[in-house]
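Protein chains in written order, with my numbering: chain A, 1 to 217; chain B, 218 to 434.
C-beta: ideal position from N, C-alpha, C; glycine also.
2 protein chains.
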Amino acid sequence: MTRVRIDLFSSLDGHTSVGGGPENPMGDDWGPLTTAYVATRTVKERVFGDTSGAGTTGVDDAYAAAFFQGIGAEIMGAAMFGLHSFPDDPEWKGWWGDEPPFGVPVYVLTSTAPRPDVAMQGGTTFRFRDCSVEDVLAEAVAAAGGLDVRVGGGIGTARAFLRAGLVDDLHVAIAPVVLDRGHRVWEDLRGFEHTHRTTIEVAESGTIHVTFTRQDR
Amino acid sequence: MTRVRIDLFSSLDGHTSVGGGPENPMGDDWGPLTTAYVATRTVKERVFGDTSGAGTTGVDDAYAAAFFQGIGAEIMGAAMFGLHSFPDDPEWKGWWGDEPPFGVPVYVLTSTAPRPDVAMQGGTTFRFRDCSVEDVLAEAVAAAGGLDVRVGGGIGTARAFLRAGLVDDLHVAIAPVVLDRGHRVWEDLRGFEHTHRTTIEVAESGTIHVTFTRQDR
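Structure, rendered in structure tokens:
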């Protein structure tokens, strides 16, 4: 059965990075939050095309590998796709080049003018929708063909799905840093540990991997 | 050499409990934050006088045992001592009964009318001071006789010492719960991992023990 998954990065104090504009879309604090993730062999290969076998192979890599497995469709917000950074470019096709690392239909939630689908190399198709989280999720589930649906972000979009109770699996990778600024990762999740089973594991890098798995499915 | 130590309890989202008044001084969220700590053999013996050997003996107990070792003086705020809950009781001697579990001089920071020292059974003496964090710390260090000084809380007092850069060892026990309310544990600590070496360990209970150890001493 399709599960709805979210993966987030957080600091010890529960913050994630705020985007810094078109030249720095993830913001200055994104680097420290994702250092261990980017260092994994899986990410070096899957995201950066480095097939040399370089990269870490420990706990962080196990979570990175799981991240890429079993996803049949993705949902993201307009800001993550870049529509807020490049609102006047009707040809904008995201940050990820000609062959984005998704390889599946990607639903972009946007309240701006509708855009036609954009088919990229490698199986990614961007589809733009102006609808509720429930409606876009129903469409993504159908497109996923029995595989899982990831809500990719940004944090506002992730929180909208979490608030609506639509998320089966939440993975938060907590980097061993204190940011003291940025978006709050955990807002509106009081008692989430009662509806979802919690596991916690510390990687060699000091990254704390917290997973929440919904119990009633 | 004397080190200045703080131990805090936090939720995954970086909150600690807000006191609920004289009848419930630690507040409703204190229980979930301290479940694993209270379950340890060390706390059952040291705080509750249970010498039967009951209680957990794993990672949580190791941190609980360390908590009680090597402290020569303690500092706390007026609220933690109870002066805000019982402002009109000149005979108030704290929440801990006739024999408090400190066993050392305890400096209570208060801006209200001065009180005489209160000597309790078991070596605890409460001493009331209206001065800066630096001045009370100097006095506590002298009283500690080479042992460490703990800043016991509450969170406002702890944060005052952290902001002033006076803390050598910070231990945060993060319970696997999401509170979404309460005082913020981590405020004003951006970059703390750069001045203090970080270690992270997960206990059997799911509690994440994060320690910061100052590098320059």
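From the beta carbon of E421(B), is the nearest beta carbon of chain A less than 8 Å away?
Residue mapping note: residue 421(B) aligns to position 204 of the second sequence, counting from 1. Chain A, which has no Cβ nearer than 8 Å to the Cβ of E421(B), makes this no.
Which residue marks the beginning of the beta strand (DSSP E) containing P331(B), and which one marks its end?
As a working mapping, residue 331(B) is identified with position 114 in the second sequence. Note, P331(B): premise wrong, no beta strand (DSSP E); not H, not E.
Can you tell me where the alpha helix (DSSP H) holding E356(B) begins and where it ends?
Along the second sequence, read from residue 1 onward, the residue named residue 356(B) stands at position 139. Here the alpha helix (DSSP H) through E356(B) covers V350 to A361.
Just to confirm, is the Cβ distance from G248(B) to G237(B) under 8 Å?
For the purposes of this step, residue 248(B) is taken as the residue at position 31 of the second sequence. For the purposes of this step, residue 237(B) is taken as the residue at position 20 of the second sequence. Taking 8 Å as the Cβ cut-off, G248(B) and G237(B) do not qualify as a contacting pair.
Beta-ladder partner(s) of T42(A), from DSSP:
In the first sequence, residue 42(A) corresponds to position 42, counting from 1. Note: T42(A) sits in no beta bridge, so no partner.
Pick helix, strand or coil for G94(A), following the three-state DSSP scheme.
Taking the first residue of the first sequence as position 1, residue 94(A) is located at position 94. Of the three classes helix, strand and coil, the one that applies to G94(A) here is coil, per DSSP.
Best match in R222(B), R220(B) and S228(B) for proximity to A390(B) [C-alpha to C-alpha]:
Within the second sequence, residue 390(B) is the residue found at index 173, counting from 1. Among R222(B), R220(B) and S228(B), the Cα nearest to that of A390(B) is on S228(B).
Tell me whether the beta-carbon of V4(A) lies closer than 8 Å to the beta-carbon of L137(A).
In the first sequence, counting from the first residue as 1, residue 4(A) sits at position 4. In the first sequence, counting from the first residue as 1, residue 137(A) sits at position 137. Yes, they are a contact pair.
Name, in chain order, the residues that DSSP records as bridge partners for T374(B).
Sequence index remark: in the second sequence, residue 374(B) carries index 157 (1-based). Paired residue(s): none; T374(B) is not in a bridge.
Alpha-carbon to alpha-carbon, P22(A) and P87(A)
As a first step, residue 87(A) must be located in the first sequence, where it is residue number 87. As a first step, residue 22(A) must be located in the first sequence, where it is residue number 22. So the alpha carbons of these two residues sit roughly 11 Å apart.
What do you get for T57(A), buried or exposed, if any count of 16 or more other CB atoms within 10 angstroms of its CB means buried?
Within the first sequence, the letter at position 57 stands for residue 57(A). With fewer than 16 other Cβ atoms within 10 Å, it is exposed.
Compute the Euclidean distance between the alpha carbons of D246(B) and V235(B), then round it to the nearest angstrom.
Counting from 1 along the second sequence, the entry for residue 246(B) is found at position 29. Counting from 1 along the second sequence, the entry for residue 235(B) is found at position 18. Using only the alpha carbons, I get a separation of about 7 Å.
Sequence ranges, alpha helix (DSSP H) only - wholly within the region 26 to 79 of chain A, length at least 4
30 to 38, 41 to 46 and 59 to 68
So if DSSP puts E418(B) in a beta bridge, which residue, or which two residues, is it bridged to?
Start at 1 with the first residue of the second sequence, and residue 418(B) comes out as number 201. DSSP output for E418(B) lists H426(B) as bridge partner(s).
Local conformation of G236(B) per DSSP, three classes:
Looking up residue 236(B) in the second sequence gives position 19. Three-state result, G236(B): coil.
Short of 7 Å Cβ to Cβ, which residues in the region 219 to 237 of chain B face chain A?
L229, D230 and G231
Determine the extent of the beta strand (DSSP E) in which H301(B) is found, giving its start and end residues.
As a position in the second sequence, residue 301(B) is number 84, starting the count at 1. No beta strand (DSSP E) contains H301(B), which DSSP labels as neither H nor E.
Is it the case that the region 107 to 115 of chain A contacts the region 75 to 89 of chain A, given that we only count it when at least three CB pairs across the two stretches are under 8 Å?
yes
By DSSP's criteria, D7(A) is part of a beta bridge. Which residues make up the other side?
In the first sequence, residue 7(A) corresponds to position 7, counting from 1. Paired residue(s): H171(A).
Cβ closer than 8 Å: which chain B residues qualify as neighbours of F192(A)?
Walking along the first sequence from the start, residue 192(A) turns up at place 192. Correct list: V395.
Taking the DSSP output, what are the residues bridged to R367(B)?
Residue 367(B) sits at position 150 when you count from the first residue of the second sequence. Its beta-bridge partners are R222(B) and E291(B).
So, is T268(B) buried or exposed, given that buried needs 16 or more other C-beta atoms within 10 angstroms?
Position 51 of the second sequence holds residue 268(B). Result: exposed.
Just to confirm my understanding: we take W403(B), look at its own chain, exclude 5 residues before and 5 after, and list those with CB closer than 7 Å. What are they?
Against the second sequence, residue 403(B) aligns to sequence position 186. Correct list, in chain order: G231.
Name, in chain order, the residues that DSSP records as bridge partners for F409(B).
Here residue 409(B) corresponds to residue number 192 of the second sequence, with the count starting at 1. DSSP lists no partner for F409(B).
Nearest neighbour of F226(B), chosen from R407(B), H400(B) and H413(B) [CA to CA]:
Here residue 226(B) corresponds to residue number 9 of the second sequence, with the count starting at 1. Looking at the Cα atoms, H400(B) is the closest of the given residues.
Taking the C-alpha atoms as reference points, what is the distance between H171(A) and D347(B)?
For this step, residue 171(A) is matched to residue 171 along the first sequence. For this step, residue 347(B) is matched to residue 130 along the second sequence. In a straight line, the C-alpha of H171(A) is about 46 Å away from that of D347(B).
Report yes or no: is there a C-beta of chain A within less than 8 Å of the C-beta of L406(B)?
Within the second sequence, numbered from 1, the residue matching residue 406(B) stands at position 189. By this cut-off, L406(B) is an interface position.
Residues of its chain near R431(B), where Cβ-Cβ distance is below 6 Å and the 5 sequence neighbours each way are ignored
On the second sequence, position 214 is the one that residue 431(B) refers to. Answer for R431(B): D385 and H413, listed in chain order.
Checking contacts by CB at 8 Å: is T35(A) closer than that to chain B?
Mapped onto the first sequence, residue 35(A) falls at position 35. By this cut-off, T35(A) is not an interface position.
In chain order, what residues of the same chain have a beta carbon less than 7 Å from the beta carbon of T16(A), not counting five sequence neighbours either side?
In the first sequence, residue 16(A) corresponds to position 16, counting from 1. For T16(A), where only same-chain residues beyond five positions count, the Cβ hits under 7 Å are L8, F9, S10, L33, I155, G182, H183 and V185.
When the Cα atoms are used, what is the spatial distance from F298(B) to G311(B)?
Within the second sequence, the letter at position 81 stands for residue 298(B). Within the second sequence, the letter at position 94 stands for residue 311(B). F298(B) and G311(B): Cα-Cα distance of roughly 5 Å.
Which word fits D135(A), buried or exposed, when buried means at least 16 other C-beta atoms lie within 10 angstroms of its C-beta?
By one-based count along the first sequence, residue 135(A) stands at place 135. It counts as exposed.
Chain A contact for I288(B) (CB, 8 Å cutoff)
Counted from its first residue, the second sequence places residue 288(B) at position 71. Chain A contact via Cβ: absent.
Please compile the residues from chain A whose C-beta is within a distance smaller than 8 Å of the C-beta of R398(B).
Within the second sequence, the letter at position 181 stands for residue 398(B). Within 8 Å Cβ-Cβ: R190.
Looking at G206(A) and T415(B), is the spacing between their C-beta atoms short of 8 Å?
Within the second sequence, residue 415(B) is the residue found at index 198, counting from 1. Within the first sequence, residue 206(A) is the residue found at index 206, counting from 1. Contact flag set, yes.
Three-way DSSP call (helix, strand, coil) for R181(A) in this model:
For the purposes of this step, residue 181(A) is taken as residue 181 along the first sequence, with counting starting at 1. In this structure, R181(A) counts as coil in the three-state DSSP scheme.
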